[in-house]
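Q:
Numbering (my numbering), first residue to last: 298 to 591.
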């Protein structure tokens with residue numbers, strides 16, 4: 298709202314016969330010409346200048362002092378929850394949320410899980426990427442079958458953030474499957490999966506115990522070979538990581554004799570992450586998955 302003094306000056310000069318342009322010139326541009334014209338119209342219509350007040354009460358929470366306090370809090374800690382921020386600053390949760398999003402232009406990002414890489418791992422990956430760049434054309438990189446193994450427990454995954462059972466009561470929710478049973482020491486299963494630009498291979502589920510090169514050659518490599526030939530034909534490349542069954546000399550010999558092309562243990566290092574596919578697989582109920590063996 299404009300100051301009362303300016304309103305009184307405009308009112309008096311208009312009553313004395315000055316027009317909006319003359320008032321604008323006399324005030325030395327202290328007010329805009331459009332504002333002066335609007336005020337003069339109010340005087341003609343109502344006999345006074347009546348300005349509407351902004352809706353709502355005065356701002357108490359999102360003042361500069363509180364915003365600076367929030368910024369100081371963020372400088373002290375990397376992770377701050379909206380609830381604790383509201384408590385520390387003696388403001389409501391909604392006010393602290395608006396300060397973060399509207400005043401500080403911040404957005405809440407989820408933490409990302411990444412593998413812990415040593416400098417040796419990083420150097421190997423850089424070396425391998427350079428090797429691929431010199432030995433593969435762009436279209437060749439789309440014909441690589443990447444593979445990996447992962448261990449899951451038979452209890453499966455449970456996401457407490459978005460898995461809900463709609464029911465009228467807790468008892469009804471429990472009857473509809475609202476209870477997730479978790480063992481203290483669940484059984485575990487190892488699963489193999491291959492990924493390429495065209496899709497994923499069938500899952501290979503290993504029997505309990507340590508997987509050696511013989512089992513790897515017998516159960517995994519034929520699946521990879523069949524899928525690769527069916528998907529790409531005669532020209533494609535198979536890649537595996539540096540696990541012991543993979544770099545065993547018999548495994549390397551089998552790959553050399555059967556695959557059109559494969560990345561051996563000397564140059565091989567996985568350059569893509571297939572964690573998104575493992576996330577999907579982790580939601581499976583492995584107790585009901587058939588391995589195809591009787």
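Just so you know, even glycine gets a beta-carbon here, dropped at the ideal spot from N, CA and C.
Indicate the three-state DSSP secondary structure (helix, strand or coil) for residue 569 in the structure shown.
A: Interpretation of residue 569 is limited by its pLDDT of 47, a score under 50 that renders its predicted location unreliable; the figure taken from the coordinates is listed afterwards. Three-state result, residue 569: coil.
Q: So, at 8 Å on beta carbons, what are the nonlocal neighbours of residue 390 in its own chain, with the 5 sequence-adjacent residues on each side left out?
A: 379, 380, 383
Q: Excluding the 5 residues flanking residue 559 on each side, which residues of the same chain have their C-beta closer than 6 Å to its C-beta?
A: So the qualifying residues of the chain are 535, 552.
Q: Would you identify the three-state DSSP class for residue 448, choosing helix, strand or coil?
A: strand
Q: Rounded to whole angstroms, what's the CA-CA distance from residue 377 to residue 306? Just pull it up for me.
A: 51 Å
Q: Relative to the C-alpha of residue 540, which residue among 513, 420, 438 is closest?
A: 513
Q: Looking only at its chain, what residues have a beta carbon closer than 6 Å to the beta carbon of residue 316, apart from the 5 residues adjacent to it on each side?
A: Only residues of its own chain outside the window of five on either side were considered, and among them none has a CB closer than 6 Å to the CB of residue 316.
Q: Applying the 10 Å Cβ sphere with the 16-neighbour rule, what's the burial state of residue 404?
A: exposed
Q: Could you tell me which residues DSSP pairs with residue 316 in its beta bridges?
A: The partner list for residue 316 (beta bridge, DSSP) is empty, contrary to what the question assumes.
Q: Residue 556: which of 453, 542, 519 sits nearest, CA to CA?
A: 519
Q: Per DSSP, residue 487 forms a beta bridge with which residues?
A: 448
Q: Check whether the segment 356-373 touches the segment 390-401, taking contact to mean three or more Cβ pairs, one atom from each stretch, closer than 8 Å.
A: yes
Q: Taking its Cβ as the centre, do 16 or more other Cβ atoms sit within 10 Å of residue 336, making it buried, or is it exposed?
A: buried
Q: Tell me whether residue 515 is buried or exposed, calling it buried when 16 or more other Cβ atoms sit within 10 Å of its Cβ.
A: exposed
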